[in-house]
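Below is one structure, written out as structure tokens; the observations come after it.
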Amino acid sequence: MKKFKIILLAIVASMGFTSCEDWLETQPEQSISEDLAFSSVETARAVMLGGYTGLYAQAYYGRDIIVAPEQLSDNTKSALSNSGRLVGESTNDERSHVGDAAFWTACYDVINRVNLVLANIESTPGLSDGEIDQLRGEAFFLRGLVYFDLARVYARNPNFLLNNFDLGVPVLLTPFDGLDEDAYPARATVNEVYSQSKSDFNQAISLLNNSNAPFRASQAAAKALLSRVHLYLQEWQEAADLATEAINEAGFGITSQANYFDIFTDDSEALFSVRITINESLGNNNSIAVLYVENSDGTGYGDVVCRQNLLDAFEPGDIRRDSIRQVVKDGETVFYPLKFNSYGGSIGEDNTPVIRLSEVHLNRAEALAELGGAANETAALQDLNAIRNRAGLPNATSSGAALLQDILDERRIELAFEGHRFFDLKRRGLDISKGNPVDDCVTCTIPYSDYRIVAPIQQAELDVNPNLVNNPGYGDN
Amino acid sequence: MLMKKFFFSLILCLLAMAQIHAQRTVSGKVTDDEGEGLPGVNVVIKGTTTGVTTDIDGNYRLQVNDADVLTFSYVGFESQEIAVGTRTTIDVTLGGITELQEVVVTGYGVQDKRDLSGSVASLKKEQIENVPSLSFDRVLQGKTAGVQVTGASGIPGGAVNVRIRGDGSINAGSQPLYIVDGVMISGGTNDAQLIASTNALAALNPNDIESIDVLKDAAASAIYGAQAANGVVIITTKRGKEGKAQFEFNISAGVMEDLKRFDVMTGSEWIEFHQQAYINTFGAGSPQLAAFQAQWGEASNAINTDWQDLAFRTGSFKNYELSARGGNETTNYFVSGSYNKTDAHVIGTDFERFTLRTNIETKLTDKIKAGTNISLSNVVQNQASEGGFFVSPVFSGAAGVPAESPFNDDGTYNDNLVSANGANFVRWTDLSKNNGVTNTVIARLYLEYEPIENLIFRSSGSVENRAAREIDYWHPDTNDGASFGGLNQSTHVTDQSLQTDHTVSYNRDIDKHSISGLVGVNYRYDRQTLLYAAGSGFSNGLLSTIGNAATPLGVNGTDTEWKLAGVFTRLGYIYDDKYIASFTLRRDGSSRFGGANQFGVFPAASVAWRVSSESFMDNISIVNDLKVRASYGETGNHLIGNFDALGLVGAGGSYQGGSSLIPSNIANPLLQWETNVFTNFGLDFGILDGRFRGSIDYYIRDTNDLLLNSPIPRTNGFNTITSNVGRIRNSGIEIELNSTNLSTGGFTWTTNFNIAFQDSEVLELADSDTLVIANSGQTYIVGQEMNAFYLQRWAGVNPADGRPMWYDENGEITYQNASGNTRQVVGSALPDYFGGITNSFSYKGLELSVLFQFQVGNLIRNTQRAYMLDAGNSGGSRGLLRDNFNSWQQPGDLVPNVVPLVGAQSYPNGAGDANGTNNTRFLEKGDYLRLKEVIIGYTLPSSIVSKTGLNRVRLYATGVNLWTMTEFTGYDPEVTGTGFGIVPQARTYTFGAQIGF
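So the sequences go chain by chain: A and B. Using the working numbering, the first residue of the first sequence is number 11, and each one after it goes up by one. Using the working numbering, the first residue of the second sequence is number 63, and each one after it goes up by one.
So, in structure tokens, the structure goes:
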């Protein structure tokens, strides 16, 4: 009897007064706690992949940062008959911008994910030093890209500020760790955001090699993107030097005229593209391809079509004009761009080019032309004519301001539909002249000074974070 | 066949246990003080299991030896022992106790009801038995004050919402903790993934239940700590009794039918009405009208299909049970088996259940007792589609165009229906299936050790295993199935729960002091797994298992668990039968809570004063019992996600062939239970020799630390964090009255009445003053009742032009159905009061019990009526009600319905959609008074029964939901939500016999 009592007391004691935590430990089986995510090589790699999956969100490289800048600029417009997608962007309506709530969300998702990697990856047992460098390099690369994208969407270029309003976006460098004051960040200045982007790309350059290009981050791609960041900041020498390094290290040259369309079907000159196969595809309703083309089988909407303004910008004999198809859509003659035409096989299956070699040549040409001087202009013409000749066009021979204009015009044609035009105008403080006499938008000129050039921060975000202020023009500041 | 075998072996086994050894016969009659024969008195030879019960007239007959002593015992009377001697006739008069000593089961113990200082409602087996309900939770309705029972669906064995003292949560669960014979079982509703097998409580045969006790305030329930916030329902099943084996065979059968139908048009009425709508819209000479006429032909030649008749049917109910109970000094047992088959009143819906139960308790030594409770059940359910789906018979049965038929002339299924978006629910229900099989085992083993008197150690361990397998099969010949070439979705869910409890209790009376103490520990582990597979492509309907699918569509599997550990104590003290105090404390840890708040302490204290025991009350003889009670305490609601507190990463999309992990849940180490603070004041009384007894309780139930999603900056990677921020208050008054109105000459009439008034208020929400739950549309506004309707007010139809009108924010007429400021709170989906009244009559062997149940003050949005009335929508296929005739036709018409048009939005001057439900037009009073239960029983006189060799024969008939008074125009006011397409309850008539031998 005594024994029985002792056993009972022991049970009571063991449950009541020793460590209850052990009795209560559980592990979720279909998701894992954050610290466990970095307890094995496989899961750590998978968390890094999460950064890439964030890139192809619809609001980001899945669609919007490619198509919306075309709609906001003088390149494209909405067909009269459309599905309602990105229509407000076509006429630069207030709050129709790349930078809607979903874009903000997608960007900070990627930042939060790569910050998780940067904070924890070095403690992962079993990862070689080489792979730790690789994964950290990728995390820095993606963060540099996202801060660059946030800066060019939510702020004016530091060289073209208006009324000295210089706020960029909040800069977060560590993952969420509780609702402390870090969880309510204020906007850094736009210079600070660009500096962060440059710093991240420099880190990426020091950590990465080129073995995983083009669908994962590489050193050459980091240099190419960093050259673009410098170009945006009008740091011409750095832009030119990094472009040269990227061109030399890419391991391939620009695609030949004969194979020009391989650029879009095979990523033949991609330094970094977001891989989109059937597994990543956003499918029938929300991919880039469904906006640009309506297919004969009824797939696609073909909402976004070329402006006359763009068609007029093509010189005669330009083979790139072949990538535009004229069709009659519900009675309206429209022009579909064919750079994204579901080349992977099923609808929406096109890799999204983030940066490709032709752009790097144009970046260098522009930087050199800006630097000026005979030698630089000769080199700039070389880059420009490499692109022109491939398109079936004769050499340009201009110099000075005319050369610069030729390079910018070439850039518009070469990179059309790839999400550059709006940002290229904005970074140089240029107005958007959307109309011409045959277009339906005669008066649509959006001056650079218009508040709608800069995206608004969403009201919900302002409501919950008292440290944020909105951009000028969007309600109270 | 299986059942036959089972019963046969059961009988054999039990017969072997009943020993008969007798020498001669003694007989007699047992009467009460007034000389009335007492039926059912136990007459047992002392020290043996041999005994009988008296018959309806109080007579008994028993084989005895001269040396035997007979024990006469009967609940509510003092037992008597009489030595037989040489007598052959022994007549006994039992008396002594006038006040029935009522025992209630509280957590980890039992208590005399008169010593209670908390709030507990109890139901005894007589109030549960033989009601043709497949889960006991429904039986609580109308019989316990403050316990609101609403059927989420009227399908047999379907989900039921039980709310004790209001809805105490917004995002966490609101269902009470159910405990069956000490085993905490996993809630009222199964996993959301399942369609048919949604009520875990349907595994229990209600006729196995001895009593149900509902712990309502913290004083009663705090011993269950973090699980107790929504109240605790303790179910105790029947036990063996000392005495020879008593068998009972209980058989009942009946029919069920739907309660009410919509008054719909005939085929020709429908064509005429719609022709007018075409004329109103397009003009008399329009091609649209001509096309309509060409399609449907002359109104006078129209066919008339009664779609509701196709959806509903006369269902049937069959129930068979065999039980045996008995025991000797050391061992007692109760075993039962049951089989139920119910074909519901809706096509394609049925329920079949086998249950087995064994309760055995035995004394191992003088001081050690061991026992076991084991129950097994197998439930097979088929269910037609339910809810707002076009293939749902209840939805589309009310949405069918009467001028067309689901069948072609040659008997094949009609593929070209206009009704219900072209879905043919008859074909769907015939060909497709949703079949669920649920197997449940609940087993418990316990040990009691009493080293010295009244010091008792109790240990128990239990396991609950539930496995539900469900197949949702879409036949390839049905509209929805065709797009997949046939679809099979198979789901397998298991729920495994392990529990162990260890307590030590001690009671002692010293002079006028009565003390009691209990300490204990409780540990619970629960694990759920799910396996889901889907496949498409079935060449024909014959091979429908998932293995025959041509194309695998997807698999899914989840595995989740939680753990809870608690230590608790309860101390009780009573002085001189006058002053009662009780204190409970529990400390609970749960794996669900965040690291910083993993343990919670839940204290409760209560006091009571029995005024009637004071000497100054001695002269007030009219009052037998008068007790006032007060209690205060805290309990927790742990019904939150298993891993809500953890920062988690889960599966993201894939990239370049690899799957990614992305943050899936934001960490909140502060996350904890929702806290319920109960304050309760009560009064128990008994007057006129206990003929009139009752309780009144007033309570305030504050739920603090309500789990809500608070928005946080999206820059953190998430836009909300679940945290304990909100507050709501439920308060109310509960009254329970029992009276013996008449008791004379063998005739008794008793009344049991209960009513609960309740009110709720949202005190605080996360960030704004309004919260709308996305899925259900339930609205919470600070300062208002919970679950409020926040809508623009409907102003009727403009007599001048037939346009719909609403009120704007200034109370002026507007033709716009807008949201924003025009909305106001117009009521709530929660009732102001509800309750029930049971009148029971008995005379000799005849008894009658009648339960009326009522609910007042809630509103229901009748979306089904809105759908049917909407003439314009769905290509003009709606507009099905005869009420559509009350539509505006010419200036001056004062009618409830707008001018019928084809195309919903085409009212003049851009007026809004008259048939939308985001305004008060379709908001209806949910008040009802329902004749819920009528039971008529007749126990045959023993003079007849004894000739057949039987012990007792009782014949009974029951009726459920016989009559309803309500203004609600839908199928059934007893619904949760809108009831859109949900199977209404049935009117059920059964007839049965209980045979004891």
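Backbone N, C-alpha and C define an ideal beta-carbon position, used for all residues, glycine too.
When the distance is taken between beta carbons, is A:Thr265 closer than 8 Å to A:Glu248? No.
Which residues in chain B have a C-beta closer than 7 Å to the C-beta of A:Phe225? List them in chain order. Residues of chain B passing the Cβ test: Gln718.
Per-residue contacts from B:Pro775 into chain A (C-beta, under 9 Å): Those within 9 Å of B:Pro775 in chain A are Tyr118, Pro180, Ala193, Tyr194, Pro195, Glu471, Val474, Asn475, Asn477, Leu478.
Between which two residues does the beta strand (DSSP E) holding B:His575 run? For B:His575, the enclosing beta strand (DSSP E) starts and ends at 575-598.
The region 777-790 of chain B: which residues have C-beta closer than 9 Å to a C-beta of chain A, in chain order? For the region 777-790 of chain B, which is checked against every Cβ of chain A, the residues closer than 9 Å are Thr777, Asn778, Gly779, Phe780, Asn781, Ile783, Ser785.
Taking 8 Å as the threshold, find out whether the region 631-648 of chain B comes into contact with the region 275-292 of chain B through three or more Cβ pairs. Because the criterion of three Cβ pairs below 8 Å is met, the region 631-648 of chain B and the region 275-292 of chain B touch.
Residue range of the unbroken alpha helix (DSSP H) whose run includes A:Ala149: It spans 139-164 - the alpha helix (DSSP H) in which A:Ala149 sits, taken as one unbroken run.
Below-8 Å beta-carbon distance, A:Thr455 vs any chain B residue: It does not: the Cβ of A:Thr455 has no partner Cβ on chain B nearer than 8 Å.
Is the distance from the Cβ of A:Leu218 to the Cβ of A:Ala198 below 8 Å? A:Ala198 is positioned such that its CB atom lies no closer than 8 Å to that of A:Leu218.
For a quick check, are the C-beta atoms of B:Asn470 and B:Asn476 less than 8 Å apart? Yes, the pair counts as a contact, with Cβ atoms nearer than the cut-off.
Measuring CB to CB, does B:Val105 end up less than 8 Å from B:Val114? Yes.
Going along the chain, which unbroken runs of the beta strand (DSSP E) with 3 or more residues stay wholly within the region 860-935 of chain B? DSSP runs (the beta strand (DSSP E)) wholly in the region 860-935 of chain B: 866-869, 886-890, 895-905, 908-918, 921-923.
How would you write the range of the beta strand (DSSP E) that B:Ser668 sits in, first residue to last? 661-672 is the span of the beta strand (DSSP E), which, as asked, contains B:Ser668.
Quick one: does B:Asn704 have its CB under 8 Å from some CB of chain A? Residue contact check for B:Asn704 against chain A: a CB pair falls below 8 Å.
Does the distance from the CB of B:Tyr535 to the CB of B:Asn516 come in under 8 Å? No, the pair does not count as a contact, with Cβ atoms beyond the cut-off.
Please give me, in chain order, every unbroken run of the beta strand (DSSP E) with length at least 3 that falls completely inside the region 253-287 of chain A. For the region 253-287 of chain A, whole beta strand (DSSP E) runs of length 3 or above, ordered along the chain, are 280-284.
Checking the sheet assignment: what are the DSSP bridge partners for B:Arg1060? Any property of residue 1060 of chain B remains undetermined from this structure, which presents chain B solely from 63 to 1059.
Suppose you measure from the CA of B:Ala315 to the CA of B:Val456; what does that come to, to the nearest Å? If you draw a straight line from the Cα of B:Ala315 to the Cα of B:Val456, it comes to about 25 Å.
Does chain A have any CB closer than 8 Å to the CB of B:Gln840? B:Gln840 does not count as touching chain A.
Cβ separation of B:Gly1058 and B:Tyr1018, assumed to be a contact under 8 Å, to the nearest whole Å: Taking the Cβ atoms as the reference, B:Gly1058 lies roughly 13 Å from B:Tyr1018, outside the contact range of under 8 Å.
contact_flag[the region 91-111 of chain B, the region 145-158 of chain B] where n(CB pairs < 8 Å) is 3 or more: With the cut-off at 8 Å, the region 91-111 of chain B and the region 145-158 of chain B touch.
Pick from A:Leu96, A:Pro185, A:Thr101: whose alpha carbon is nearest that of B:Gly709? Closest in C-alpha terms to B:Gly709, from the list A:Leu96, A:Pro185, A:Thr101, comes A:Pro185.
Please report how far the alpha carbon of A:Ala385 lies from the alpha carbon of A:Leu241, in whole angstroms. Roughly 19 Å between the two C-alpha positions.
Straight-line Cα distance separating B:Leu908 from B:Ser1063: Residue 1063 of chain B is absent from the model: chain B starts at 63 and stops at 1059.
Quick check on DSSP: helix, strand or coil for B:Met327? Looking at B:Met327 - three-state DSSP - the assignment turns out to be coil, as it is neither helix nor strand.
Can you grab the Cα-Cα spacing for the pair A:Ala411 / A:Ala323, in whole Å? Straight-line measurement puts the Cα of A:Ala323 at about 18 Å from the Cα of A:Ala411.
According to DSSP, residues forming a beta bridge with B:Ile843: For B:Ile843, the pairing in a beta bridge is given by DSSP as B:Thr832.
Contact set between B:Gly709 and chain A, taken where Cβ atoms lie within less than 7 Å: For B:Gly709, the C-beta contacts it makes with chain A under 7 Å involve Ser43, Glu44, in order along the chain.
Indicate whether B:Leu943 and B:Val326 have their beta-carbon atoms separated by less than 8 Å. Yes, Cβ-Cβ distance for B:Leu943 and B:Val326 is below 8 Å.
Could you name the residues of the region 614-627 of chain B whose beta carbon sits closer than 7 Å to any beta carbon of chain A, in the order they occur along the chain? Within the region 614-627 of chain B, the qualifying residues are Thr620, Asp621, Thr622, Glu623, Trp624, Lys625, Ala627.
Using three-state DSSP, classify B:Leu768 as helix, strand or coil. It is a strand residue.
Closer than 8 Å by beta-carbon distance: list the chain D residues that pair up with B:Leu768, in chain order. The chain inventory of the structure shown lacks chain D, comprising the protein chains A and B.
State yes or no: is the beta carbon of B:Ser721 nearer than 8 Å to at least one beta carbon in chain A? Taking 8 Å as the threshold, the shortest C-beta distance from B:Ser721 to chain A falls below it.
In chain order, what residues of the same chain lie with their CB nearer than 6 Å to the CB of B:Thr367, ignoring the 5 residues before and after it? Around B:Thr367: Pro464, Ser467.
Run through the region 122-169 of chain B for me and flag every whole alpha helix (DSSP H) of 4 or more residues, listed as ranges in chain order. Counting whole runs of 4 or more residues, the region 122-169 of chain B contains no alpha helix (DSSP H) stretch at all.
Tell me the rounded alpha-carbon separation between A:Val474 and B:Ile724. Rounded to the nearest whole angstrom, the C-alpha separation of A:Val474 and B:Ile724 is 24 Å.
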